[in-house]
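Those letters in the sequence shown? Residues 28 to 225, by our numbering. Quick reminder that beta carbons are idealized off the backbone N, C-alpha and C, glycines included. Presented below is the structure to which this report refers.
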Amino acid sequence: MEPPFMSPPDHGVFLVRRPIAYLAGPDVFMPDAPERAARKIAICEHYGFHARAPVAESGTVKLPPWERIFQANLVMMEACDIVIANLTPFRGASADAGTLVELGWFGGKGRPVYGYSNDAASFASRSDAHIARCPDPVAGMEVEDFGLPDNLMIPGLLEEQGIALVMPEDGQSRDFACLDIFERCVALVAVRHGMAPV
């Protein structure tokens, strides 16, 4: 079990607090993104910890829209203890690029990283299918085939934390919007951090 999260000292006493999870993923692009974020946050609350999702922009810094979003996400990430990333393939054979940056940011900070995918297929099989539709820029390029769910660096980072990428146990891929695999991931995170459903 991971050590508890501690609040700054209050009169010299550290208080144990509920961890805050950053919910990374391409869910932000979905037409019902705010409602979806609210459902995911409610699931996390049920399992005993807080969560935040990068849906709405925050702050009043006068920057171009994309820079404002980037800065707001960084502020939100800094305020979170762990990341739970939706690593379901997005617009290609692999996970969303922005989500992977966020996953690496948390890993680089030494904060716990967790992820899930609704896709049961291997990275190699998805890559082959993608190449058939959109050929590589150079013919004969190698397809990474270790039987892993994504590029080896992704499951490698997750497994270094002790929990592998959470995927459909029955081998059946889910619809992108399905939340049952997310909830299973949240339940595992709760156990790891000593949280309990409320």
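Simplified DSSP assignment, three categories, for Ile190:
Within the sequence shown, residue 190 is the residue found at index 163, counting from 1. Note: Ile190 maps to coil in three-state DSSP.
Go ahead and label Lys136 buried or exposed: buried means 16 or more other beta carbons lie within 10 angstroms of its beta carbon, across all protein chains shown.
For the purposes of this step, residue 136 is taken as residue 109 along the sequence shown, with counting starting at 1. Result: exposed.
Going straight from the alpha carbon of Thr87 to that of Cys212, what length do you get?
Counted from its first residue, the sequence shown places residue 87 at position 60. Counted from its first residue, the sequence shown places residue 212 at position 185. Because Thr87 carries a pLDDT of 49, less than 50, the predicted location of this residue cannot be relied on, and the following value inherits that uncertainty. Going from the Cα of Thr87 to the Cα of Cys212 covers about 34 Å.
Locate the beta strand (DSSP E) running through Val165, then write down its first and last residues.
As a first step, residue 165 must be located in the sequence shown, where it is residue number 138. Premise fails: Val165 is in no beta strand (DSSP E) and is neither H nor E.
Excluding the five sequence neighbours on either side, which residues of its own chain have a C-beta within less than 8 Å of the C-beta of Leu185, listed in chain order?
Reading the sequence shown from its first residue, position 158 is the one you call residue 185. Answer for Leu185: Val140, Tyr141, Gly142, Ala191 and Leu192, listed in chain order.
Taking the straight line between their C-alpha atoms, what separation do you get for Ala69 and Arg79?
Translated into the one-based positions of the sequence shown, residue 69 becomes position 42. Translated into the one-based positions of the sequence shown, residue 79 becomes position 52. If I take the Cα positions, the gap works out to 10 Å.
DSSP state of Gly134, grouped into three classes?
Here residue 134 refers to the residue found at position 107 of the sequence shown. Note: Gly134 maps to helix in three-state DSSP.
So, with DSSP's three-state summary, where would you put Gly125?
Within the sequence shown, residue 125 is the residue found at index 98, counting from 1. In the structure shown, Gly125 sits in a helix (DSSP, three-state: H, G or I).
Which one of Asp54, Arg118 and Arg45 has the shortest CA to CA distance from Ser154?
Taking the sequence shown and counting its residues from 1, one reaches residue 154 at position 127. The shortest C-alpha separation from Ser154 is found at Arg118.
Using only the alpha-carbon positions, how far apart do Asp163 and Val170 sit?
Walking along the sequence shown from the start, residue 163 turns up at place 136. Walking along the sequence shown from the start, residue 170 turns up at place 143. Distance between the alpha carbons of Asp163 and Val170: 10 Å.
CA-CA distance, Glu105 and Phe173?
The count along the sequence shown starts at 1 and reaches residue 105 at position 78. The count along the sequence shown starts at 1 and reaches residue 173 at position 146. If you take the alpha carbons of Glu105 and Phe173, they lie about 34 Å apart.
Give me the DSSP bridge partner(s) of Leu50.
For the purposes of this step, residue 50 is identified with residue 23 of the sequence shown, where counting begins at 1. Paired residues: Ile111.
Given a cut-off of 8 Å, decide if Ser144 and Leu114 are closer than it, judged by their beta-carbon atoms.
Locating residue 114 in the sequence shown gives position 87, where the first residue counts as 1. Locating residue 144 in the sequence shown gives position 117, where the first residue counts as 1. Yes, these two residues count as a Cβ contact at 8 Å.
So, for Ser85: in the same chain, excluding its five sequence neighbours on each side, which residues have a beta-carbon less than 8 Å away from its beta-carbon?
Here residue 85 corresponds to residue number 58 of the sequence shown, with the count starting at 1. At Ser85 the pLDDT is 48, less than 50, meaning the model places this residue with poor confidence; the figure from the coordinates comes in the next sentence. The answer, listed in chain order, is Ala99, Val102 and Met103.
According to DSSP, is Ala78 helix, strand or coil?
Residue 78 sits at position 51 when you count from the first residue of the sequence shown. Three-state DSSP puts Ala78 in a strand.
Beta-carbon contacts of Glu210 that lie in its chain and below 7 Å, excluding the five residues immediately before and after:
The residue given as residue 210 occupies position 183 in the sequence shown. Excluding sequence neighbours, Glu210 sits near Ile70.
What residues in its chain sit with their C-beta under 8 Å from that of Arg200, if we drop five residues either side in the sequence?
Within the sequence shown, numbered from 1, the residue matching residue 200 stands at position 173. What sits at residue 200 in the sequence shown is Ser, not Arg. Once the five neighbours on either side are set aside, the close Cβ partners of Ser200 are Asn145, Asp146, Ala147 and Ala148.
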